[in-house]
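Chemist: Residue numbers (the working numbering): 8 to 342.
One structure, as structure tokens, below. Some questions next.
Pasting the structure below:
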């Protein structure tokens, strides 16, 4: 698992004799590390059996399989992730609990929610400047950073990718990069879903759309339509599969503490337009950019598995013509 402990129930340890596998570098993922002396690089790897067959438990290959299923239908998924996280002090508070880090510039420690606060963000300007510089070196399309809905909480967004596998790569590399730059500036980047009980948790929202062979977004509604049929069916598939998918979206005990009413984490399988209280948000804006924002996943989830599971749900909805039910309007926590 992510802590390095063997998970015997997978059948991949003693059942198989714990044999060797092959890890092959993924083409196009070799990048330099920022600010290291001597210069170093990093590369993403994929797991294969000794006979060259893909390892079924490799999360990236699981996502690739879902992309192939859609490709056989003439569809290509595009997408991007949003990364929410806390910057925490290395020292605990008087009660032995974690606490928000002091600002790098002035040493101020936030004690209240300062969502979208420019001053809160400015206090960490040296750290985030290094994050952006490192992202540029590694080709990670980091877009916007904001102060989020809790003291010490931030969000980094990534530009949309036409290749959804690369979008997941971006998220994996960005998390590693943020951890490294936080350490350089004397704080800890925390990617737990709910590190501080009294504050909102951290999500990993996944934006996704489908393109046909001509590059047209099939979620875009035609003139006179309220919503496109593929969009509605995709939403229907995601709603029907959400319950059985929650261990992917919330894989740890701590993950479930994030699901609290009025906290911007969804608590029901709902969909709505421009509504951040639902599980599946259809952002407002240009119809050409129509997409689904999948909001249940915590930042502790595996982005490859999240994307694979979301694509599988959308595919089920398309194949079976599933209806998402009525749109949720207003407060989704009261649905």
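Built from N, CA and C at the ideal position, the CB exists for glycine as well.
In the structure shown, what three-state DSSP assignment does residue 162 receive?
Modeler: strand
Chemist: Among 44, 58, 104 and 68, which has the Cα closest to the Cα of residue 52?
Modeler: Closest by alpha carbon: 68.
Chemist: With distances taken between CB atoms, is the gap from residue 62 to residue 30 smaller than 7 Å?
Modeler: no
Chemist: From 267, 237, 130 and 259, pick the residue whose C-alpha is nearest to that of residue 327; which is it?
Modeler: Checking every option, the nearest Cα to that of residue 327 belongs to 237.
Chemist: Within the continuous beta strand (DSSP E) that includes residue 297, where are the two ends?
Modeler: That residue, residue 297, is in no beta strand (DSSP E); it is neither H nor E in DSSP.
Chemist: Using only the alpha-carbon positions, how far apart do residue 58 and residue 23 sit?
Modeler: Distance between the alpha carbons of residue 58 and residue 23 is about 15 Å.
Chemist: Can you tell me which of the three DSSP states residue 115 falls into?
Modeler: Coil, per DSSP.
Chemist: Distance, Cα to Cα, residue 319 vs residue 217?
Modeler: 13 Å
Chemist: When DSSP labels each residue in this structure, what does residue 91 get in the three-state scheme?
Modeler: strand
Chemist: Roughly how many angstroms separate the alpha carbons of residue 314 and residue 27, rounded to a whole number?
Modeler: 28 Å
Chemist: Pick helix, strand or coil for residue 310, following the three-state DSSP scheme.
Modeler: helix
Chemist: Out of curiosity, what's the CA-to-CA distance linking residue 207 and residue 72?
Modeler: 34 Å
Chemist: What three-state label does DSSP hand residue 214 in the structure shown?
Modeler: strand
Chemist: Going by DSSP in three states, residue 251 sits in which element: helix, strand or coil?
Modeler: helix
Chemist: Please classify residue 190: is it buried, with 16 or more other beta-carbons within 10 angstroms of its beta-carbon, or exposed?
Modeler: exposed
Chemist: Using 10 angstroms around the beta-carbon of residue 9, count the other beta-carbons present and answer buried if the total reaches 16, otherwise exposed.
Modeler: exposed
Chemist: Once you ignore the five residues that flank residue 177 on each side, which residues in its own chain have a CB closer than 6 Å to its CB?
Modeler: Taken in chain order, the residues that qualify are 147 and 165.
Chemist: Quick check: the Cα distance between residue 173 and residue 339, rounded to an integer number of angstroms?
Modeler: 32 Å
Chemist: Check residue 154 in the structure and name its three-state DSSP category.
Modeler: strand
Chemist: Out of 41, 56 and 91, point me to the one whose CA is closest to residue 303's CA.
Modeler: 91
Chemist: Pick from 225, 267, 324 and 323: whose alpha carbon is nearest that of residue 294?
Modeler: 225
Chemist: In angstroms, rounded to a whole number, what distance separates the CA positions of residue 34 and residue 309?
Modeler: Cα to Cα, residue 34 sits roughly 21 Å from residue 309.
Chemist: Using the Cβ count rule (16 or more neighbours within 10 Å means buried), how would you classify residue 212?
Modeler: buried
Chemist: Which one of 298, 271, 287 and 170 has the shortest CA to CA distance from residue 235?
Modeler: 298
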